[in-house]
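Asker: Handing you a structure now.
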Amino acid sequence: MKKLVILILFSYLIINFPVCGFITSPDYDWTIDDLIQKNPQDLVVLVAVCSESYSEKGAYTNKLVLVLVLVDYYNPNNYKVIKNNSFWPSNLKFSHDKSKIIFCDETHYLADGGYQFFIYNVKDSTFRTFARGEGSPPLCGIRPFWNHDGTGFYFTMWPPPFSLSTPGYFFDITIEKRSNIVNNKSFWSAVYPETLIDENTLIVFSNDSLVTGQPPGFYLMDTDGNYLSRVNNPHLLGRSKSGMLLEAYDLDWNSKLGLLVYGEAFQGAYRIGSKISVTNLDGTYYRNYTSGENYDSEPAWGPDGKTIIFERRPFLKWPSEFTSNRLMILNIETGKVREFISPSCIDGAISLMSPDY
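Position one of the sequence shown corresponds to residue 98 (this note's numbering), numbered consecutively onward.
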């Protein structure tokens, strides 16, 4: 009986105690600043939603503030908050060498483009923005990710008014120049860069049937904008009850494993859901890791492809009510899912989202 009581108490502590400790024991004992300067490969970046009190007309009230946070993957209790009250970051992406982070700022928005891009230099803690051209509005868009050597990034934009044409873009930060990765042939066509699988090859989603001669879907494309082949993977596309095309999103490629992790859209009983799945290019390997009971999205591979970090949002919350979002981590061998880090481990945080490793 005594052993049973001890076991129940131990289980309670595991479930309820904040997840702030070590994932595994690292071979160093560095501060977060040491890690940033010496080994940024072990960093995770995320967004923390914080509640701050301030005085207005003699009364105190709370406001939500979104901040970037750099976290030690092996010891999430070791972190650094990068605070800037002028932006609300989303869609965070490390460069390949983890020296830079690109993200969208949802407080700066252009109707014919998307959100303004910011680049954060990890080691010197500086921010950088760009314009579309000399004397032009800020460079805006959605869904950015870096090229292999970190000299630029791919992105897409919302279509301009009275058009559905949305070409993919590449922005070279060394010369501050934007270029189309492909010239669309149709007024109605769209090409969305999704992820990079090697130095010279992208996965894109395209509905440009005048060029491809095939229905909308995923394609391999070289960095010069030439279609290489269609990705004939049945797990990446589906249909809703109404016939709407459901496509995989938030793709993240692991070159060592030759696998994609992604948010899998699916038709539930009453709504379109999202769960975390892994597949190879041709679909001969597929594994689904979460049930879709929650809205799981923004997956990112952890070190050596052994884990996946992702964002979880309860379905009862509207997307804009992100005060209940959590960050989860799953083991790809066992399939076990647990919380990566609790919001209570970061001062002032009430919710966490948008991870990248």
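Glycine is no exception: its CB is placed at the ideal position from the N, C-alpha and C atoms. All of these numbers come straight from a predicted model, not from anything done at the bench.
Residues in its own chain within less than 7 Å of THR253 by CB, not counting five upstream and five downstream?
Answerer: Cβ within range, chain order: GLY238, ILE239, ARG240, THR263, GLY265, TYR266, TYR289, PRO290.
Asker: If we call anything under 8 Å between Cβ atoms a contact, is GLU395 one with ASP347?
Answerer: For GLU395 and ASP347, yes; Cβs fall inside 8 Å.
Asker: Between the C-alpha atoms of GLY432 and TYR171, what's the straight-line distance to the nearest angstrom?
Answerer: One C-alpha to the other measures close to 19 Å.
Asker: What residues in its chain sit with their C-beta under 8 Å from that of TYR206, if we drop five residues either side in the sequence?
Answerer: TYR212, GLN213, CYS237, listed in sequence order.
Asker: Classify GLN311 as helix, strand or coil using the three-state DSSP reduction.
Answerer: Residue state, collapsed to three classes: coil.
Asker: Taking just the CA atoms, how far does LYS338 sit from GLN364?
Answerer: Straight-line Cα distance between these residues: approximately 7 Å.
Asker: Hey, which unbroken runs of the beta strand (DSSP E) at 3 residues or more fall wholly within the region 333-397?
Answerer: Fully enclosed beta strand (DSSP E) runs of 3 or longer: 334-336, 342-344, 346-351, 356-364, 369-376, 383-385.
Asker: Which whole-angstrom value describes the C-beta separation of SER371 and GLY360, a residue pair presumed to lie in contact below a C-beta threshold of 8 Å?
Answerer: About 5 Å; that satisfies the 8 Å criterion.
Asker: Please state the DSSP three-state secondary structure of THR248.
Answerer: The answer is coil: DSSP assigns THR248 none of H, G, I, E or B.
Asker: What does a CB cutoff of less than 8 Å around LYS197 pick up in its chain, not counting 5 residues either side in sequence?
Answerer: Within the same chain, LYS197 has close Cβ partners PHE191, ILE216, TYR217, ASN218, VAL219, TRP243, GLY247.
Asker: Using the rule of at least 16 other Cβ atoms within 10 Å of the residue's Cβ for burial, across every protein chain shown, is MET425 buried or exposed?
Answerer: Buried: at least 16 other Cβ atoms inside 10 Å.
Asker: Can you round the beta-carbon distance between ILE438 and CYS201 to whole angstroms, since I take them to be within the 8 Å contact cut?
Answerer: About 22 Å; that fails the 8 Å criterion.
Asker: Excluding the 5 residues preceding and the 5 following LYS100 in the sequence, name in chain order all residues of the same chain whose CB lies nearer than 6 Å to its CB.
Answerer: Because LYS100 carries a pLDDT of 47, less than 50, the predicted location of this residue cannot be relied on, and no value is offered for it.
Asker: Alpha carbon to alpha carbon, how far is LEU132 from ASN428? Give it in angstroms, no decimals.
Answerer: Their Cα atoms are separated by approximately 24 Å.
Asker: Hey, quick one: how far does the alpha helix (DSSP H) through LYS135 stretch, first residue to last?
Answerer: Looking at the DSSP string, the run of the alpha helix (DSSP H) that includes LYS135 is 129-135.
Asker: To the nearest angstrom, report how far apart LEU293 and ILE199 are at their CA atoms.
Answerer: About 15 Å.
Asker: Using alpha carbons as the reference points, say which of SER233, ASP393, PHE412 lies closest to ARG435.
Answerer: It is ASP393 whose Cα lies nearest to the Cα of ARG435.
Asker: Within 10 angstroms of the Cβ of PRO80, are there 16 or more other Cβ atoms? Answer buried if so, exposed if not.
Answerer: Any answer about residue 80 is impossible in this case: the structure gives the chain only from 98 up to 454.
Asker: Beta-carbon within less than 6 Å of LEU333's beta-carbon, same chain only, minus the 5 sequence neighbours each way: which residues are those?
Answerer: These residues qualify, in order along the chain: PHE315, ALA345.
Asker: With a 10 Å radius around its C-beta and 16 neighbouring C-beta atoms as the bar for buried, classify LEU104 as buried or exposed.
Answerer: Residue placement at LEU104 is flagged as unreliable, the pLDDT there being 46, under the threshold of 50; a coordinate-derived value is accordingly withheld.
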